[in-house]
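Participant: Numbering (this note's numbering), first residue to last: 12 to 458. Glycine residues also receive a C-beta, built at the ideal position from the N, C-alpha and C atoms. Note that the structure is predicted; figures quoted are calculated from it, not measured. One structure follows; several queries about it will come next.
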Ligand code: NDP
Ligand code: 2IT
């Protein structure tokens, strides 16, 4: 059996054993499509069935989350934590609260996380969790009661040496605060390292909030530099208007680019003068408003309801909202609009068809598991500071983040060249991440 035949058989097995989990299949497929050259070079990985073991999470936890809304009505949501792989360190990855969450989403995210965390070079394994709870329109007290109920089950599975959750879609500083409070109360332990993305008032780290967006932009900057270019004067489109999008926009502006459009699930805003980041933060972080409110304060801007932001012509695009937000039609629109570089701030925002279209058109493309690794890298820095009871300055933390992103970029770039695929950041990221996990798993024996 050739290596490719083996990979095809493994993939068939993954789809059979995990029926209906389309996003998980998609994430596995992308990695299996890349790693054949690494398996050819390292037959010991295949002999030890490393791929088969990687595709099966170490542990999957599904639980009931009952809570009461402000009117006294009882609601039942489903909670998840998938502890994917601990070869490199304690399980590490965010929690997502969004109505679309089901096991297939959590598993795709956990699978991606494992390679992403390996790419950071830091001692963290891969995991992910969340719930189908929808925080939209819920009061602070409702969100608090939900978080307390969620943690009342989750606490028994996590710990600073076991599993360290953080935020993702729908889980930001507010939610992490409530989750931490309940963990502390139940366990009677002030275990700072059990969650990351904490507030600065109780053990959080400088730059964690900014890290995913800033990190993606640092990665993009490295790609531009590699081609003798920079952000200066570039017209950029960013999707989403949450944590990742806001800080990506802020950093692009600091580096001389102009972000002319961003979005939420209701549509997008176009502001040719450049998105007003202070206004966006006020709308999204303070008032939790919808994106159309932007045009009330900036009447020259336009709101386009229900339209994809990718129809706005740009040179660089950063998808920072959700999975599969760039399909084949969107990719065609971006290419037609003059886009030459796509950098994924979100997890798996580009569909396989769109990735192929970008490759065919010569659009440079960076996968999320490399480009958005700044968030989890800053989480690892938060764990480091918590463990040593230390706290670093903003400047020092940002400098560390920049170095980490440069290092990830350079390794993806070098690995792609080593395997004869220069400029292929997908192959570079998948092979380098995979090798790191595989080596640690081999060292641990058959477990
Ligand atoms: P937020 O909840 O802060 O923001 C999410 C943004 O994406 C919102 O503008 C939201 O719009 C939009 N969005 C979410 N789901 C959908 C959907 N189904 N359709 C259209 N728009 C949608 O999340 P983050 O910014 O933290 O996360 C964004 C992406 O980045 C995710 O893919 C996440 O996995 C990834 N990521 C996050 C990291 C982090 O540290 N937070 C680290 C690495 C990756 P609306 O409000 O209307 O729903
Ligand atoms: O997708 C991700 O990398 C995150 N949501 C952040 C994970 C973390 O543990 O900081």
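Cβ atoms of residue 166 and residue 194: under 8 Å apart, would you say?
Facilitator: Their beta carbons are under 8 Å apart, which means residue 194 touches residue 166 by this criterion.
Participant: Using beta-carbon positions only, say whether residue 412 and residue 218 come within less than 8 Å of one another.
Facilitator: A contact, by the Cβ cut-off of 8 Å.
Participant: Classify residue 12 as buried or exposed, calling it buried when 16 or more other Cβ atoms lie within 10 Å of its own Cβ.
Facilitator: Its Cβ having fewer than 16 others within 10 Å, residue 12 is exposed.
Participant: Under 7 Å: does the beta carbon of residue 377 sit that close to some heavy atom of ligand 1?
Facilitator: No.
Participant: Verify the contact flag: residue 180, CB atom, against every heavy atom of ligand 1, threshold strictly below 7 Å.
Facilitator: Yes, the beta carbon of residue 180 sits closer than 7 Å to at least one heavy atom of ligand 1.
Participant: On the DSSP letters alone, give me the boundaries of the beta strand (DSSP E) that residue 269 sits inside.
Facilitator: Residues 269-275.
Participant: Give the C-beta separation of residue 333 and residue 357 to the nearest angstrom, bearing in mind that I take them to be a contact with Cβ-Cβ under 8 Å.
Facilitator: The pair is a contact, with the Cβ atoms about 6 Å apart (cut-off 8 Å).
Participant: Between the region 184-198 and the region 370-387, do three or more beta carbon pairs fall short of 8 Å?
Facilitator: These segments do not touch.
Participant: Quick one: does the C-beta of residue 177 sit closer than 7 Å to a heavy atom of ligand 2?
Facilitator: Yes, ligand 2 has a heavy atom inside 7 Å of this Cβ.
Participant: Nearest-angstrom Cα distance between residue 57 and residue 50?
Facilitator: Using only the alpha carbons, I get a separation of about 7 Å.
Participant: Since residue 174 sits in a beta bridge, which residues does DSSP pair it with?
Facilitator: DSSP, once it has assigned bridges, lists 102 and 170 as partnering residue 174.
Participant: Hey, would you say the C-beta of residue 390 is under 7 Å away from at least one heavy atom of ligand 2?
Facilitator: Because some heavy atom of ligand 2 lies under 7 Å away, the Cβ of residue 390 counts as near it: yes.
Participant: Please list, in chain order, all residues of the same chain as residue 182 whose beta carbon is under 6 Å from its beta carbon, the five residues on each side excluded.
Facilitator: So the list reads 106 and 108, once near-sequence residues are dropped.
Participant: Find out if the Cβ-Cβ distance for the pair residue 257, residue 281 is shorter than 8 Å.
Facilitator: Cβ distance not < 8 Å, so residue 257 and residue 281 don't count as in contact.
Participant: Return the residue from the list 241, 452 and 306 that minimises the CA-CA distance to residue 99.
Facilitator: Here the closest residue by C-alpha is 452.
Participant: Quick one: grab the DSSP three-state call for residue 303.
Facilitator: Here residue 303 sits in helix by DSSP.
Participant: With C-beta atoms as the reference, is residue 442 less than 8 Å away from residue 14?
Facilitator: No; because the gap between Cβ atoms is not below 8 Å, this pair is not in contact.
Participant: The beta strand (DSSP E) that contains residue 375, what's its start and end?
Facilitator: Unbroken beta strand (DSSP E) run through residue 375: 375-377.
Participant: At a cut-off of 7 Å, would you count residue 88 as near ligand 2, judging by its Cβ distance to the nearest heavy atom?
Facilitator: No - ligand 2 has no heavy atom lying nearer than 7 Å to the Cβ of residue 88.
Participant: If you draw a straight line from the alpha carbon of residue 439 to that of residue 102, how long is it in whole angstroms?
Facilitator: Near 23 Å, if we compare the C-alpha coordinates of residue 102 and residue 439.
Participant: From the DSSP secondary-structure annotation, give me the bridge partner or partners of residue 337.
Facilitator: According to DSSP, residue 337 bridges with 361.
Participant: Could you compute how far the alpha carbon of residue 36 sits from the alpha carbon of residue 124?
Facilitator: If you take the alpha carbons of residue 36 and residue 124, they lie about 15 Å apart.
Participant: Is residue 416 helix, strand or coil when you go by DSSP?
Facilitator: Residue 416: helix per DSSP, three-state reduction.
Participant: Among residues of its own chain, excluding the 5 on either side of residue 173, which ones have a beta-carbon nearer than 6 Å to its beta-carbon?
Facilitator: Taken in chain order, the residues that qualify are 101.
Participant: Taking 8 Å as the threshold, find out whether the region 296-305 comes into contact with the region 230-239 through three or more Cβ pairs.
Facilitator: Taking 8 Å as the limit for Cβ pairs, the verdict is that the region 230-239 does not touch the region 296-305.
Participant: Would you mind reading off the limits of the beta strand (DSSP E) that contains residue 457?
Facilitator: Premise fails: residue 457 is in no beta strand (DSSP E) and is neither H nor E.
Participant: Quick check: what's the CA-CA separation for residue 366 versus residue 83?
Facilitator: Spanning the two alpha carbons is a distance of roughly 47 Å.
Participant: Just to check my reading of the structure: residue 184 and residue 115 have Cβ atoms closer than 8 Å, yes? What is that Cβ distance to the nearest angstrom?
Facilitator: With 8 Å as the limit, residue 184 and residue 115 do not qualify as a contact, their Cβ atoms being about 28 Å apart.
Participant: With distance defined between alpha-carbon atoms, name the residue in 387, 388, 434 and 422 nearest to residue 446.
Facilitator: With distances taken between Cα atoms, residue 446 lies closest to 422.
Participant: Under 7 Å: does the beta carbon of residue 444 sit that close to some heavy atom of ligand 2?
Facilitator: No, the beta carbon of residue 444 sits no closer than 7 Å to any heavy atom of ligand 2.
Participant: Using DSSP's beta-bridge definition, name the partner residues of residue 465.
Facilitator: As shown, the chain starts at 12 and ends at 458. That puts residue 465 outside it, with no answer to give.
Participant: Pair every Cβ in the region 149-163 with every Cβ in the region 383-397, then say whether three or more of these pairs are closer than 8 Å.
Facilitator: The region 149-163 is not in contact with the region 383-397.
Participant: Using the beta-carbon count (16 or more within 10 Å), is residue 27 buried or exposed?
Facilitator: The residue is exposed, with fewer than 16 neighbouring Cβ atoms inside 10 Å.
Participant: CB of residue 357 to nearest heavy atom of ligand 1: below 7 Å?
Facilitator: Yes, ligand 1 has a heavy atom inside 7 Å of this Cβ.
Participant: What do you reckon, is the C-beta of residue 275 under 7 Å from a heavy atom of ligand 1?
Facilitator: Checking the Cβ of residue 275 against ligand 1 gives yes.
Participant: What are the start and end residues of the alpha helix (DSSP H) that includes residue 352?
Facilitator: Per DSSP, residue 352 belongs to no alpha helix (DSSP H); it is in the beta strand (DSSP E), 352-354.
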